[in-house]
Structure formats: C-alpha cells, structure tokens
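Visitor: Numbering (the numbering used here), first residue to last: 9 to 728.
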Amino acid sequence: MEHFSKYLKSKHPKFDWILAAILLAAAFLYGWQIWKAGNANSFYTAAITSMTKSFKNFWFASFDPAGYITVDKPPVALWFMAISAKIFGVHGWSVVLPSALAGVGSVYLIYKLVQPYFGATAGRLAALAMTITPIVVADSRTDNMDSILIFFLLLSLILLEKGNIKKQSRWIIISFGLIGISFNIKMLQAFMILPAMYLFYWLAVRKHWLSKVKVLSISTIVLIIATLFWPLSVDMTSASKRPYEGGSEHNSVMELAFGYNGTQRLLGQSTGTGGAFPGMGNQKHQKSGNMKRGGMLNGQHRMNGNRSMKGAKGMTPLNHKRGMQGHAGNRGAGGGAFNIGSAGIFRLFKTQLGPQISWLLAFSIIGMIASWAFYSDKKKKWYHLSFKQKQLVLWLGWLVPVFGFFSVASFFHPYYMIMLAPPIAAFFGISVPILIKSVLKKTKNWQSYLLPIAIFITASLQAVYVYSYYPWLSWVIVISGSLIAINLIFFSIRNLVKMMKPLAGIGLVLIMAAPTWWSLTPTISAESSGIPTSGPDLLSSGGNQMGSESSVNTKMLNYLEKHAGNAKYLFATDDSSTASPYIIKTGKAVMAMGGFNGTDPAISLSKFKQLVKNGEVKYYYSGGKSGSANNTIVNWIKKHAKKVATSEYQSSSSSNQGNSPMQRPNSSSSMPSHQFNHRGKPNQKPSQKGGQHSQMKTMQQPSGGMGGSNGVLYDLSSIH
C-alpha cells in the first residue's frame, strides 16, 4: 500500500533547471512580439477599453463605454485584461499579457500535477508537450478567454490533489468553487472536467462513502453558488440599469449560458439563425430567416485559411491547395471559422482540427493504455485501482468527455481544441518513461512493442498534416518513423539495450519536431488574432490578420468628432465589428445596435427614436449588411434621415483612411461583411480560374463596414 506522505511537498525542493528552461521557452512562444498584437480580438479589446471607463462597465463586461450592450461571454477573464489595460494603458500587448502569463502558468501547473506522482522526467515531458502544442501557443497570444480558462481549470485540479493528499476537505470544496468561477470565464466549457473531478475524488479519497457524499454535496453547493453569483447579479438587475446582455434573445445571462453558449454548441444553432459557415456542422438543420450570430464569432469578419503561402526560412511548401473550399486545407480554420470537419470518432485526427491539437494525441492514447497496464496491481482484482491508476483516472476523466464532445459537436471554433491539450500533455509525459522501460525489458510481452507502434502511428499521422505544406518533409517523417519502429522491434527482440536507448530518443525527437515548428509559427508571425490558429500559412501573411483587420476611416472620424457635439454616442451602426475600432481608438461610445453580429434585439424603434429626439445619437453609419435584427430601425432611418455628402467622410483613393495606433497597416485578409447573405454563406463565389490569387482579391474588396466605400453615413439630427 502506498502512503500519501511520500507525495507531500518537500520542505527543501531542488531548483529544476530543465523546468526553468521549458518555462522560458513557453514565455518566448507566448510572449514574443505581442507588442505587435494590433487590436488582437477587436471585439474583446473594445470591451476592455470600455471596462476601464467605469465600474459598471467593468462588472457587466460592457462592449461600449456607454453601457449599451455587453459581449457574449462572462467577464472574469476580461477583468484580468481590463486591470492590465488600466495599469499599462490600452495596447495590444497589455490586453494579451494576461493570456500569455496564464499560458506559462498552465505549463507550470501541468508539471506540478504530474511530477509528484510520476517523477520529474514525466513532469518535464508533460510541460514540454503542453508548451509546444500549437493551439496553446496561438490561444495564449490573444485576448480570447481560453488560455485563462485552462489556467483556472488546472489550478482547480491542483487544489483537488492537495485536498486528497493532505486529507483536508476544504481544498476539495475550494477546487469545486474555482470551477464555478471558471464558469464565469467561458460558461459551460468549464464544466467539461467536472466528471473527472467527481470520479477522481470518489475513487482516490479513502473515506467512508457517507463522508464522501457529504464533502461532494457541500462542494456542489459551493460550485453552484460560485457559478451563479455573477449571472444572477446581472439577471436580477433591472434592464434599465445595465447593458443589454449580448448574444441572448431575451436579455438574460442564463439564457446565453444554456442556449447560445450551451446546448447550441453541441446541437448546432437551431434557433434564431440563418445558417452556418462552410465547415460548420449541422448545416442541413439550420433555419432560414433572421440570422442569429451567423457564424462569425468574436466580432470578426475574416475567413481563415485564405492566405497565400510563400514559404519561410527556405522551406517552400508545395501542393498548397487552400482557399475558400469548405473543408479544404489543413488549418483548423481553413475555409472558414467553423471548418471543423464532419462529426465522428476520427474528427480530431483529420486535417481540419488535427494540426492544431493532435500531433501527439495518438501517442498519448497508446501511452495511456501502456500506463494503465504498467501501474496495475497484478495481485488484486482489475477493479481495485492502484494509487497511480487513480491519478490516471483524473486525466482520463478529462480526456474522454472532451474528446467525445468535440467529436460530435456542431458549433465550435478550432481554437477550442486547447481544452484537450492538458490531458494529452499529461499522458505523453507520464507514458514516455513507461514505454521506454517496457521496450527495454528483457522479458517481452505485448507492452514491449507499444513504443515502436506509437512512434510509427504518430509519425504517419504527422506526415499527413505536413504534406500539404512540405511534401518532402512528410516523406522524411514517415520513412524515419517506420525505420525507427522496425529497428526498435528488432533490437528489442535481440535485447540490444545499448542500441534501443538512443534510437528511442531519436524517435521522440522526430515526433516532437513538427509540432514544435507549428507552434513557432504564431510567434514568428506575431499572430494575435480573434480566431487564433497556427501553421505555415501565417508566415507569408505576417500573422495578426484579425488583430490588424479593423481599421478606422480617419476622415469620417474627424467629421463625426466635429459634428456629434455632446451626443452620448459618436454614432450608431449595425454591429460590433464596425464599432470596435472606433471605440478602441477614441475611447468614445459607439452604438452597435445589434451587438456582436447585428442580430441582437437590443433596442426597439421607439427607444431609438427617443434617443434621436434627445440628441443622444446624431449619426448612423450603414455598413450595407443584410439580416440585421434592427431592419425596422434601419428602414426608418433611411426613410427620414438625410445622407451626409460622401465627400465629407470618404476618400476617393481609399476606403480606409487611417489606422488605429494599435494596428499594423498592411492587413489583407478580412472578409467583408456584405459578402455574406442572411444564410451565413458567401454571396459571391471566388473565381475558380483565378486560383488563390483571385480568391484573395475577392476577399479584399472594400467592405461597407469600418468606414468602407460601400457604407453610408446618415445625419439623424435632420429628422427633428
């Protein structure tokens, strides 16, 4: 029987130089060039700007300084970003900094969750695997919530382990409370690890079952309280005293949590939507009509996977067949923000999602099997788990539900795959020493051949991911992996231990090389986008496509600031993507009438008329979008308001007259909002003859939004 005391923290722990090097590598990958983050995710950056203006905006996560509407996520992660922006000022790097720090912190927490129970080598390998997971790098370089969410989830497991080892129930209760707080980072996504926590506690803690029920009951109550403290504080506040809850149909956080951010993630958007983007599941079941958040999350209007590929560092990708064809491309977001492949058990291994998360997934699954067998107590029944098997249950309880969810879910972004990174990294770190020990054993059994099998399968899968970019390299990987696997089996049969050790090391280096390169691409290209991704595509575009996508029409801005006077809003517009850059640049309120994608019923015509009559909003800018939730208001404006002369706010030479200080001027990959119809599909198909160049040209046509040449500015003060 193992004793818990051996797993308690040493009073004089030795400094781990290898871990320090891994953490420095993580800091480099996640933090280098974040000063080029531009606007990062402009939807959230605008909210962060607004949240620094007042506590009311801070508490409710208001998108605009006037507190008209909120973002479509809870505020906890944004609170950290707003605090950073308050201290350092609103800059791209200051809003991204909390995510980068959380990413580094998560690497350390993975080490602390693995090392005490499986050894320093396992902990270091787990930390390294987490560090070089491409989507972890991409997510840690944005002001999206995912990096901070992962940090909180891992911290909750640290407390759960502490309560288990020290036999102190208060840490168990706090760990569940932390999951409740995590709910207020990204809602139900945080609950995906609850099965692992409940199961681990029940199996690992040696108490009478009634005592376990008592602790779990109290923990669940604390979980519920921590979960609901913010949503209820919002829903119980009078609607007239708070912003409209963005993303909801009826101005309710609870509706948002269990609808748009809940069941619709699994089943697909089935209410209030007009369709889906290419690659988004459940398209056949979408209803026509009003487009509810028609597929473009995070306030961005860009389709990923449409960048030209010129290669990098002398490595010229061949056979590069990307563009706007729904499922084409190896990038997670290739062909659209929702290019997630078809549902099924192998979805995460396919080229739509695999290059973001699955480089080591096959190895980890095989390693999980090997680890379970290695730590089983042969003297006991199979259902009597050893201490270390119970530790494996914790990671298995995380991996299986999350893997299952994303295998069948219909509505999510590829960058959500970061949820799989911790268990994959943990199993990789835990299993490598075990697989090596098994292959080196003199007495052979089925476990002795798992390492060569794992290397071969992993190398073969990686070759598929690499092929579209570097065909020659894919052959190098698969041939090398095959030779290493064959020789490991041969040397194992002959018990040539001296030959197997270096060969196993070479095999591990081989399968970690490609994901390391993929993880470097967001850093090299200074990628900090609203839909984060990784891959060689970033190297030709210079990265940061979404971060720099939203530009400001300086001529229109000057006109509005001169004529808006003391109006509460600088101007009103259809959605947040048009409003975001102006909020970020000026710190002034811009009314995004329909919220994130112009589809939230946040204001009635009578209320809007009253604002116009009171002089609170004097201008409306039409981005030429269709499917707006506020068509009645827009039609009223177009019927009664005078158009401002285009010479007052447009330039004949360019649709975008200036750039925010937080962005770089040479962005070229934004998808104009008017190119989508109300069903969320492109109105205009790219030329098939022109290839990718024509597709890129189609995508770069001036948009109606953001002060583009197709937009129209209306003077609302002319109505009264």
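We put the CB at the ideal spot given by N, CA and C, even for glycine.
What's the call for leucine 469, buried or exposed, on a 16-neighbour Cβ count within 10 Å?
Guide: Locating residue 469 in the sequence shown gives position 461, counting from the first residue. Buried, by the Cβ-count rule.
Visitor: Given a threshold of 16 other Cβ atoms within 10 Å of its Cβ, counted over all protein chains shown, does alanine 29 qualify as buried or as exposed?
Guide: The residue labelled residue 29 in the question sits at position 21 within the sequence shown. Under this definition alanine 29 is an exposed residue.
Visitor: Would you say phenylalanine 579 and lysine 626 are within 9 Å of each other, going by their C-beta atoms?
Guide: Taking the first residue of the sequence shown as position 1, residue 579 is located at position 571. Taking the first residue of the sequence shown as position 1, residue 626 is located at position 618. Taking 9 Å as the Cβ cut-off, phenylalanine 579 and lysine 626 qualify as a contacting pair.
Visitor: Might you give, ordered along the chain, the residues of its own chain that have their beta carbon closer than 7 Å to the beta carbon of tryptophan 406, omitting 5 neighbours on each side?
Guide: Within the sequence shown, the letter at position 398 stands for residue 406. The residues Ile201, Ala204, Pro430 and Pro431, in chain order, have a CB closer than 7 Å to that of tryptophan 406 in the same chain once the five nearest residues on each side in sequence are set aside.
Visitor: Thinking just about the alpha-carbon of each residue, which of Ser164, Asp243 and Ile232 is nearest to the one in tyrosine 209?
Guide: Here residue 209 refers to the residue found at position 201 of the sequence shown. Cα-wise, what sits closest to tyrosine 209 is Ser164.
Visitor: Which one of Lys120, Ile377 and Ala130 has the shortest CA to CA distance from isoleucine 166?
Guide: Numbered from its first residue, the sequence shown carries residue 166 at position 158. Among Lys120, Ile377 and Ala130, the Cα nearest to that of isoleucine 166 is on Lys120.
Visitor: Let me check understanding here. Comparing Cα to Cα, which of Thr594, Leu117 and Thr150 lies closest to glycine 39?
Guide: As a working note, residue 39 is residue 31 in the sequence shown. Glycine 39 has its Cα closest to that of Thr150, out of Thr594, Leu117 and Thr150.
Visitor: Would leucine 218 be called buried (16 or more neighbouring beta carbons within 10 Å of its own) or exposed?
Guide: As a first step, residue 218 is located in the sequence shown; it is residue number 210 there, counting from the start. When all chains shown are included, leucine 218 counts as exposed.
Visitor: Name the DSSP beta bridge partners of isoleucine 353, please?
Guide: As a position in the sequence shown, residue 353 is number 345, starting the count at 1. Answer is none; isoleucine 353 lacks a bridge partner.
Visitor: When DSSP builds the beta bridges, which residues end up paired with alanine 600?
Guide: In the sequence shown, residue 600 corresponds to position 592, counting from 1. Paired residues: Thr581.
Visitor: Between the alpha carbons of leucine 361 and glycine 623, how many angstroms are there, rounded?
Guide: Sequence index remark: in the sequence shown, residue 361 carries index 353 (1-based). Sequence index remark: in the sequence shown, residue 623 carries index 615 (1-based). Near 50 Å, if we compare the C-alpha coordinates of glycine 623 and leucine 361.
Visitor: Please tell me whether glycine 255 and phenylalanine 604 are closer than 9 Å, where the distance is taken between their beta carbons.
Guide: On the sequence shown, position 247 is the one that residue 255 refers to. On the sequence shown, position 596 is the one that residue 604 refers to. Yes, the Cβ-Cβ distance between glycine 255 and phenylalanine 604 is below 9 Å.
Visitor: With DSSP as the reference, please indicate the residues paired to aspartate 723 in a beta bridge.
Guide: Position 715 of the sequence shown holds residue 723. In the DSSP output, where bridge partners are listed per residue, aspartate 723 has Tyr627 and Lys650.
Visitor: Establish whether the CB of threonine 640 and some CB of chain B are separated by less than 9 Å.
Guide: Looking at the structure shown, chain B is missing, and only one protein chain is on hand.
Visitor: On the three-state DSSP scale, how would you describe arginine 310?
Guide: Mapped onto the sequence shown, residue 310 falls at position 302. With a pLDDT of 37 at arginine 310, under the threshold of 50, the predicted position of this residue should be treated as unreliable, and no value is reported.
Visitor: Straight-line CA distance for asparagine 561 to valine 144?
Guide: Position 553 of the sequence shown, counted from the start, is the residue given in the question as residue 561. Position 136 of the sequence shown, counted from the start, is the residue given in the question as residue 144. Cα to Cα, the separation comes out at about 34 Å.
Visitor: Answer with buried or exposed for arginine 355, where buried requires no fewer than 16 other C-beta atoms within 10 angstroms of its C-beta.
Guide: One-based indexing of the sequence shown puts residue 355 at position 347. Buried: at least 16 other Cβ atoms inside 10 Å.
Visitor: For valine 560, which of helix, strand or coil comes out of DSSP?
Guide: Start at 1 with the first residue of the sequence shown, and residue 560 comes out as number 552. Here valine 560 sits in strand by DSSP.
Visitor: Ordered along the chain, which non-local residues of its own chain (more than five positions away) have a Cβ less than 6 Å from that of leucine 402?
Guide: Taking the first residue of the sequence shown as position 1, residue 402 is located at position 394. Excluding sequence neighbours, leucine 402 sits near Ala204 and Phe208.
Visitor: Express the C-alpha separation of valine 122 and glycine 513 in angstroms, rounding to a whole number.
Guide: Counted from its first residue, the sequence shown places residue 513 at position 505. Counted from its first residue, the sequence shown places residue 122 at position 114. Glycine 513 and valine 122: Cα-Cα distance of roughly 21 Å.
Visitor: Once DSSP output is grouped into helix, strand and coil, what is the label at isoleucine 77?
Guide: The count along the sequence shown starts at 1 and reaches residue 77 at position 69. If DSSP states are grouped into helix, strand and coil, isoleucine 77 belongs with the strands.
Visitor: Work out the CA separation of asparagine 639 and glycine 719 for me, nearest whole Å.
Guide: Reading the sequence shown from its first residue, position 711 is the one you call residue 719. Reading the sequence shown from its first residue, position 631 is the one you call residue 639. Straight through space, the alpha carbons of asparagine 639 and glycine 719 are spaced by roughly 16 Å.
Visitor: Going by CA-CA distance only, name the one from Phe395, Ile353, Ser260 and Lys621 that's closest to aspartate 608.
Guide: Your numbering for residue 608 matches position 600 in the sequence shown. The shortest C-alpha separation from aspartate 608 is found at Ser260.
Visitor: Quick one: grab the DSSP three-state call for serine 542.
Guide: Numbered from 1 along the sequence shown, position 534 holds the residue referred to as residue 542. If DSSP states are grouped into helix, strand and coil, serine 542 belongs with coil.
Visitor: Going straight from the alpha carbon of alanine 610 to that of phenylalanine 51, what length do you get?
Guide: Translated into the one-based positions of the sequence shown, residue 610 becomes position 602. Translated into the one-based positions of the sequence shown, residue 51 becomes position 43. Alanine 610 and phenylalanine 51: Cα-Cα distance of roughly 17 Å.
Visitor: Cα separation between lysine 170 and serine 177?
Guide: The residue labelled residue 170 in the question sits at position 162 within the sequence shown. The residue labelled residue 177 in the question sits at position 169 within the sequence shown. Rounded to the nearest angstrom, the two C-alpha atoms are 9 Å apart.
Visitor: With DSSP as the reference, identify every bridge partner of serine 227, one or two as the case may be.
Guide: Here the question's residue 227 lines up with position 219 in the sequence shown. Serine 227 is not bridged to any residue.
Visitor: Assuming threonine 466 contacts leucine 368 under a Cβ cut-off of 8 Å, what Cβ separation, rounded to an integer in Å, is found between them?
Guide: Here residue 466 is taken as the residue at index 458 of the sequence shown, counted from 1. Here residue 368 is taken as the residue at index 360 of the sequence shown, counted from 1. Confirmed, about 7 Å.
Visitor: Would DSSP call lysine 170 helix, strand or coil?
Guide: The sequence position of residue 170 within the sequence shown is 162, counting from 1. Lysine 170 falls in the helix class under three-state DSSP.
Visitor: For the alpha helix (DSSP H) that contains tyrosine 52, what are its first and last residues?
Guide: For the purposes of this step, residue 52 is identified with residue 44 of the sequence shown, where counting begins at 1. Element bounds for tyrosine 52: 50 to 59.
Visitor: Any idea what DSSP makes of serine 500, helix, strand or coil?
Guide: Here residue 500 refers to the residue found at position 492 when the sequence shown is read from its first residue. Serine 500 falls in the helix class under three-state DSSP.
Visitor: Where does serine 70 fall in DSSP's three states?
Guide: Here residue 70 refers to the residue found at position 62 of the sequence shown. Strand, per DSSP.
Visitor: Starting from the C-beta of tyrosine 424, find all residues in its chain whose C-beta is less than 8 Å away, skip the five residues before and the five after it, and write them out in chain order.
Guide: Counting from 1 along the sequence shown, the entry for residue 424 is found at position 416. Excluding sequence neighbours, tyrosine 424 sits near Asp154, Gln197 and Phe414.
Visitor: Alpha carbons only, please: which of Ile173, Lys175, Lys174 and Leu168 is nearest the one belonging to isoleucine 187?
Guide: Your numbering for residue 187 matches position 179 in the sequence shown. Ranking Ile173, Lys175, Lys174 and Leu168 by Cα distance to isoleucine 187 puts Leu168 first.
Visitor: Buried or exposed: which applies to methionine 244, given that a residue is buried once 16 or more other Cβ atoms fall within 10 Å of its Cβ?
Guide: Numbered from its first residue, the sequence shown carries residue 244 at position 236. Result: exposed.
Visitor: Taking tryptophan 101 and isoleucine 42 to be in contact with their CB atoms under 8 Å, please state how far apart those CB atoms are, rounded to whole angstroms.
Guide: Locating residue 101 in the sequence shown gives position 93, counting from the first residue. Locating residue 42 in the sequence shown gives position 34, counting from the first residue. Right, their Cβ atoms sit about 5 Å apart.
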